[in-house]
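Here's the structure, in structure tokens; my notes come after.
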Amino acid sequence: MGERFVVVLTVQKTSGKEGERLDNIEVHPAPDTGESSSRIPGFAEQLEDSVFEPTVPLVEYKREPNKYGDGVPKENSPFINNTENDKNNYDGTNMALFEEEMDRHPMVSSLLDKLANYTNLSQGAQEHEEADEEGSKKKAIKSPQMGTFMGVYLPCLQNILGVILFLRLTWIVGTAGIMESLAIVGLCCSCTMLTAISMSAIATNGVVPAGGSYYMISRSLGPEFGGAVGLCFYLGTTFAGAMYILGTIEILLTYIVPKAAIFRAERKEDEMNALLNNMRIYGTCCLSLMAIVVFVGVKYVNKLALVFLACVVLSIISIYAGVMKSSFDPPDFPVCMLGNRTLQNRQFDKCLKTEIVNNNTVSTQLWRLFCDGPGLNSTCNEYFVNNNLTVIQGIPGLASGVISENMWSAYGPVGMLVENKRLPSVGAIDPAKDIYLPYVVNDISTFFTLLVGIYFPSVTGIMAGSNRSGDLRDAQKSIPVGTILAIATTSFIYISGVIFFGACIEGVLLRDKFGDSVKGNLVIGTLSWPSPWVIVIGSFFSCCGAGLQSLTGAPRLLQAIARDGIVPFLQVFGHGKANGEPTWALLLTTGICEIGILIASLDAVAPILSMFFLMCYMFVNLACAVQTLLRTPNWRPRFKYYHWTLSFLGMSLCLSIMFISSWYYAIIAIGIAGCIYKYIEYRGAEKEWGDGIRGLSLNAARYALIRLEEAPPHTKNWRPQLLVLLNLDSDQGVKHPRLLSLTTQLKAGKGLTIVGNVLQGTYLSHEAEAKQAEQSIKSAMATERTKGFCHVVVSSNLRDGISHLIQSAGLGGMKHNTVLVGWPGTWRQSEDPQSWRNFIEIVRETTTAHQAMLVAKNVDSFPTNQDRLGEGTIDVWWVVHDGGMLMLLPFLLRQHKVWHKCKMRIFTVAQMDDNSIQMKKDLQMFLYHLRLDAEVEVVEMHDSDISAFTYEKTLVMEQRSQMLKQMQLSRTEREREIQSITDESRNSIRRKNQGATENSNVSRQSSTAEDIQEDEAQLIHDKNTAAHVTMNNKEEAGLERVHMTWTKDKLSTERNRIREPSANVAVRDLFNIKPEWESLNQSNVRRMHTAVKLNEIVVNKSQGAHLVLLNMPGPPKNRGGDENYMEFLEVLLEGLNRVLLVRGGGREVITIYS
């Protein structure tokens, strides 16, 4: 049962004159009702003068020139003609439930109106549309009316059939034989047929605008692949133009007007060089003329396209007619044979050594070519003397049985004589001079793979239909049908041509590339009917037309790539004339085409363009296969006869043919594409086109994450996966960007990096601020070349937000295992103790989560990525074993260019009862097994009496801690004070409400109301503050948090109350205190002693080091000693510049095993 869609249309009138009529509205009933439609005339005239706007805005299609950037309509919108100015100004009641979303979700009526009025212009050259008198309205754009036959089938035929068919197919059949020629044709045609199936699937999966294959590949495989393959396809099209021009000149100089040659060969061995020089001169002139024609107006080229196509069709018809006629009346084209060797008969008329004239035997022109004089007693070539002359028919006909002789190949090196093995031959003693005699010889070395490369351009041109999708009435139907039928037709023509040529033409004539044995006639022309000139003239105009089409299409392809903006240095080629003609692109195309002209050999240019076309076809197949396997929701082609196995087979065929035809050209083409790919990836504009490579990456990432989830990483695979906690300033700038520099140097682009930040508040109110912070962090990451992800969290307080990041950052197995933060250097000066308390909580939570932690002190003094540290050391102080992170981190840092020249030193601390010498040996052996190069030093830390300095440090620390505690209220007193504030606020509100009189003026009343609202808000704030502080921590709220609401007298009374003589600890003036060492906490004294002694040793040994890595002691289990913990760390790090405190995650991260 089919789905039924209901579209609700609303028409509303907000204002208007009484009795105004809504006319000219057609009401169509549902198809299953029998009601007739009604029409109300006159509505259009009324609408123009109406004071209200219709609910559905009128859509006017405007074609604007593409701007640099995407260069395409907004592909992420359901509107094909999406513009920024189209807004849905909704003002009605029928759909009021959705009125707040109208700016983002338009009415269905508007969407359908845009779809119905969509007109896609032709991707061919459109002449400039002149403006009318007002300059505001364009000429009416005709809707596309071309069908499958005229729009796809015939253009594909014209592009596929061309120069190779007329100039080289007979030579390929003669050289490779019928069997191998069929293999070549079948291989190439199978490749294009499979590519056409893949292309049909892509082309019917939506609208294909300008760019044809480039657009399909780039939107399916991404901008990197699209740009690389698009430029390769552009180069292939450009070299195809050069090939067609060379074919035109070859036909002109060889078969039409040979006397027009500028360079002439005095000797036979110079004939090829003279021909190539003539090709270069005439080819350059022809290229210039064609470029001028294209520049002046492409409409003339388009008008001549049918003429050129007619020439191709008539030529092919004449060939088939000649084949049929040869079965009963073969044409007379004699070939003169000397022994079994084929002779060039351009310089003689009679295939005779001597002839009788007036009863006298005289020598012929042929005699003079082989002898040193015209006399009968002259010295002649030995082979000429020993062998007889034979005349054979070049076209024996379809019924002659010559097909059996042409079945197999006759490859040979350059200079090899073209021979008929059936004829008798007596060899000569010195055959070295044979190449200087008028024999037909191979001008190039021939082998199977070479012929594949030469033949493949004859099957290109299958993209002609997809490039004209804008001209088609139904592109999604016409492109697959027309392209596949065209390939089937041309494949039949090529296969039948191979068989008919082998069955009708003598083998030596087939191998005669330029027709020298039949007085310079085109070999395929000798078979045609009624005259060889039909083929000569037809092939000449066909090559001219194909060359013009190439010079027309290649610049537009380059312009489409340039306007996409993915290759920055090509943007200049996006400009053109006022009518959009790509002038600069045409100049570049002409220059590249001239390179092919200077090569001058059709056989050398054909394999070059074969590489580029094969690469393009290969990626079309890859695009279809990737989209099919990924099953992306947008992959819904109307062409259903495709499968990913066919696409992979087509891709494999393309790659195989590339290396079969010319492995070095294939490597060069792949190298060019690879360089373009990496350039676009490095410098190109970032594009999100919903391409398949991104979907493939997502699938691969999902698969990898699921695999990572199965088991934790082995020690050998462990590397620091960092969560970097950054602070932002008030302007959303990164406070310490050197943390990102350190991350880059530590990671070198490997592993996972998550840069996190916490904003205080609620997400609903700080969403924009969070986005801004994320952009700021990403910009800083790009500046510092930090590859990773950014994660900004909005939380009610910083502690919870950081805790959420530590717990939940990452995905699956790709989670961080190390937290990197900066040392809170201003914790002593901070009035808010929450800053250093948050730091200690981070230490505790990473320990609980079994994650490592890195703390960078003086992080702003760390080197940037551009710095290069000279000779120096990275000192590791290995006090306790933490899993080996202290060993691993210097090794990772030294992989980066900043730290590459630094040497690694490892210090360990020995007690009095330790064997220092043995410890050093053991440590050196351990480092040897770890494959780490480092200097080892064991530092002895003697037991000594605790110094007075240590006691003084401990006393100052404890007194500071006690003063901070005394400045805080107890929980009961704080609650009591908050309750008194609440009572006072309520009494004040009550008094103000009672004091208001009825005779008060309006301003007085408004002022009182505002005061009441403020008092109520203050009351609510005080309640919330009290509840929040009480629930979070008993000791968190300091005096400065609530003293803002106290009076001066109340503060004095409270201070005097807590100063009781019975108190355990009295508040003293800090500068007048005398040391009372006996009352100090001995645990704190021991810890301070360790910090002081260890600091002395570290400063003594490592003060000049570039970086010091040190074990980070853990925080106390009792939260009451948090202030002392910060003091211990401060004393431990005193006097050191760059320090990285390291705390392991509780697992081994380095191993001696392979």
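According to this note's numbering, numbering within the sequence shown proceeds without interruption in unit steps and concludes at 1155. For every residue, glycine included, the Cβ atom is placed at its ideal position computed from N, Cα and C.
Listed in chain order, the alpha helix (DSSP H) elements of length 4 or more contained wholly in the segment 631 to 671 are 645 to 662.
DSSP, read as helix, strand or coil, puts H1090 in helix. Relative to the Cα of I609, the nearest Cα in the group T848, R684 and A243 belongs to A243. If you draw a straight line from the Cα of V403 to the Cα of N421, it comes to about 12 Å. Counting every other CB atom within 10 Å of its CB across the protein chains shown gives P332 a total of 16 or more, marking it as buried. Sixteen is the threshold: when 16 or more other Cβ atoms of the shown chains lie within 10 Å of the Cβ of T629, as they do, the residue is buried. The DSSP-derived three-state label of D801 is helix. Between V820 and L724, the C-beta gap is smaller than 8 Å, which places the two residues in contact. In the structure shown, the three-state DSSP call for R220 is helix. Judged by DSSP secondary structure, M905 falls within the beta strand (DSSP E) whose first and last residues are C903 to A911.
Below 8 Å, too few C-beta pairs join the segment 261 to 269 and the segment 632 to 647 to call them touching: fewer than three. For R838, the enclosing alpha helix (DSSP H) stretches over residues Q835 to T849. In chain order, N758, A771, A774 and E775 place their CB closer than 6 Å to the CB of V793, counting only its own chain and leaving out the 5 sequence neighbours on each side.
Annotation for K772: the continuous alpha helix (DSSP H) segment containing it runs Y764 to T784. As DSSP reads the structure, Q394 sits in a beta bridge with P335. The alpha helix (DSSP H) runs lying completely inside the segment 359 to 409 and spanning 4 residues or more are 366 to 371 and 383 to 387, given in chain order. From the listed residues A701, E272, I755 and I525, the smallest Cα separation to L510 is found for I525. Beta-carbon to beta-carbon, L438 and F515 are separated by about 17 Å, too far to satisfy the 8 Å threshold. Looking only at L623, I488 and S199, the smallest Cα-Cα distance to C189 is reached by I488.
For the pair V537 and Y256, the CB atoms are nearer than the 8 Å cut-off. Across the structure, G675 and G416 are spaced so that their CA atoms are roughly 38 Å apart. Residue state for W585 is assigned as helix, using DSSP reduced to three classes. Taking the CA atoms as reference points, T285 sits about 29 Å from Y215. Membership of T874 in the beta strand (DSSP E) is indicated by the continuous run G873 to W879. A Cβ-Cβ separation of about 12 Å leaves G566 out of contact with Q560 under the 8 Å criterion. Nearest in C-alpha terms to L195, of all of V230, C625 and N361, is C625. C545: member of the alpha helix (DSSP H) spanning P533 to D565, first to last residue. Distance from the CA of A311 to the CA of N341, rounded to the nearest whole angstrom, comes to 41 Å. Within the segment 1107 to 1139, the complete alpha helix (DSSP H) segments of 4 residues or longer fall at 1123 to 1134, listed in chain order. Rounded to the nearest whole angstrom, the CA to CA distance from P156 to L166 is 17 Å. Bounds of the alpha helix (DSSP H) holding G498 are A476 to C505.
Burial of G575 is indicated by the presence of at least 16 other C-beta atoms within 10 angstroms of its C-beta.
DSSP places F790 in the uninterrupted beta strand (DSSP E) bounded by F790 to S796. The beta carbon of N160 lies closer than 6 Å to those of G462 and A465 in the same chain, with the five residues before and after it left out.
In terms of Cα proximity to L615, the closest of F660, V419 and A579 is F660.
Y683 sits exposed, since fewer than 16 C-beta atoms from the chains shown fall within 10 Å of its C-beta.
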